[in-house]
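For the sequence shown, numbering that gives the first Met the number 0 puts the final residue at 239, and the numbers step up evenly by one. Heads up: the structure comes next, in structure tokens.
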Amino acid sequence: MKIDILTLFPEMFAPLEHSIVGKAQTKGLLEINYHNFRENAEKARHVDDEPYGGGQGMLLRAQPIFDTFDKIAAKKPRVILLDPAGQQFNQSYAEDLAQEGELIFICGHYEGYDERIKTLVTDEISLGDFILTGGELAAMTIIDATVRLIPEVIGKEASHQDDSFSSGLLEYPQYTRPYEYRGMKVPDVLLSGHHENIRLWRLEQSLRKTWERRPDLLEHYQFTQEEKQLLEKIKSEGSS
């Protein structure tokens with residue numbers, strides 16, 4: 000996958016040189032290029048200006064971003080604009096982006112964008128109902144969530160398929176050595192060696208955590224008969 004990032008602050012992306020995303024670049028599975036669109040700004044390198052009609056703050060001008068975009072977008076890639084008014088990002092969105100061969104991220108700053116910039120964009124994405132200083136942190140979050148889903152980036156595909164949200168449910172609790180720590184013990188079923196009992200325990204724990212913490216995820220979840228029975232058991236225990 001190739002990713003191009005239009006930003007005023009390329010240095011903010013240093014964390015992408017480490018961990019999973021950094022290893023993906025080392026393996027040749029990922030290429031990330033940073034483009035400071037201030038370098039293409041006319042008018043003494045000014046990238047922002049006052050909004051027509053008045054108002055608070057400054058807007059990013061169209062010219063620097065268009066000129067930068069023209070230099071890098073030979074094809075018609077997926078172009079992502081980070082915007083609090085965009086579609087909310089989730090695991091399903093990450094899985095969709097991971098199928099792409101090329102992505103371009105436009106990271107804003109200041110009060111907002113000249114609306115004409117959005118004619119370049121295929122996706123407007125938000126992380127949630129809150130405001131960040133700029134689009135850089137949001138872009139890094141989306142890139143991390145997306146890149147780890149690219150085949151061969153993570154050693155075992157099952158490693159991310161078991162993650163929270165990948166199955167539609169929150170992930171079950173996990174434990175490692177020692178068996179007991181400060182009076183807290185690992186559930187005995189996990190030491191039993193009985194694979195079916197372990198599978199059922201994990202499924203029940205995932206359902207329980209999802210029902211208690213994110214019941215909204217269950218509204219459109221496609222239950223198996225086994226899952227329906229387990230959820231009814233969980234609900235009856237909760238009401239007893």
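Beta carbons: idealized from backbone N, C-alpha and C, even for Gly. This structure is a prediction, so every number in the text was calculated from the model and none was measured.
Query                                                                                                                                                         : Result
Go ahead and pull the three-state DSSP assignment for S205.                                                                                                   : helix
Is the distance from the Cβ of D69 to the Cβ of E123 below 8 Å?                                                                                               : no
Quick one: complete beta strand (DSSP E) runs, 3+ long, within the stretch 1-64?                                                                              : 1-6 and 30-35
Assign H127 to one of two classes, buried (16 or more other C-beta atoms within 10 Å of its C-beta) or exposed (fewer than that).                             : It should be pointed out that residue 127 corresponds to Gly in this sequence rather than to His. It is exposed - the Cβ of G127 has fewer than 16 other Cβ atoms within 10 Å.
Measuring alpha carbon to alpha carbon, tell me which of E179, E226 and G21 ends up nearest W200.                                                             : E226
Quick one, are the C-beta atoms of I2 and L119 less than 8 Å apart?                                                                                           : no
For Y174, which residues of its own chain have a beta-carbon under 6 Å away from its beta-carbon, when the five flanking residues on both sides are left out? : V185
By the DSSP assignment, the alpha helix (DSSP H) with A138 in it spans what residues?                                                                         : E135 to V146
Assuming contact is defined by CB atoms lying nearer than 8 Å, are L202 and L229 in contact in what I supplied?                                               : yes
Tell me whether N32 is buried or exposed, calling it buried when 16 or more other Cβ atoms sit within 10 Å of its Cβ.                                         : exposed
If L28 sits next to A97, beta carbons under 8 Å apart, how far is it from one beta carbon to the other, in whole angstroms?                                   : Not quite, the Cβ-Cβ distance comes to about 11 Å (not below 8 Å), so this is no contact.
In whole angstroms, what separates the C-alpha of Y220 from that of L169?                                                                                     : 12 Å
Below 6 Å CB to CB, which residues in the same chain sit around A157 once its five sequence neighbours on both sides are set aside?                           : Residue placement at A157 cannot be trusted, given a pLDDT of 47 that sits under 50; what the coordinates show is reported in the next sentence. Here the set comprises nothing.
Closer than 8 Å, CB to CB, is A93 near chain B or not?                                                                                                        : The structure shown contains no chain B, having only a single protein chain.
Taking a contact to mean a Cβ-Cβ separation below 8 Å, would you say T67 touches N39 in this structure?                                                       : yes
Could you tell me whether the Cβ atoms of M57 and Y112 are closer together than 8 Å?                                                                          : no
Quick test of your reading: L59 and I116, contact by CB under 8 Å. State the CB separation rounded to the nearest angstrom.                                   : 7 Å
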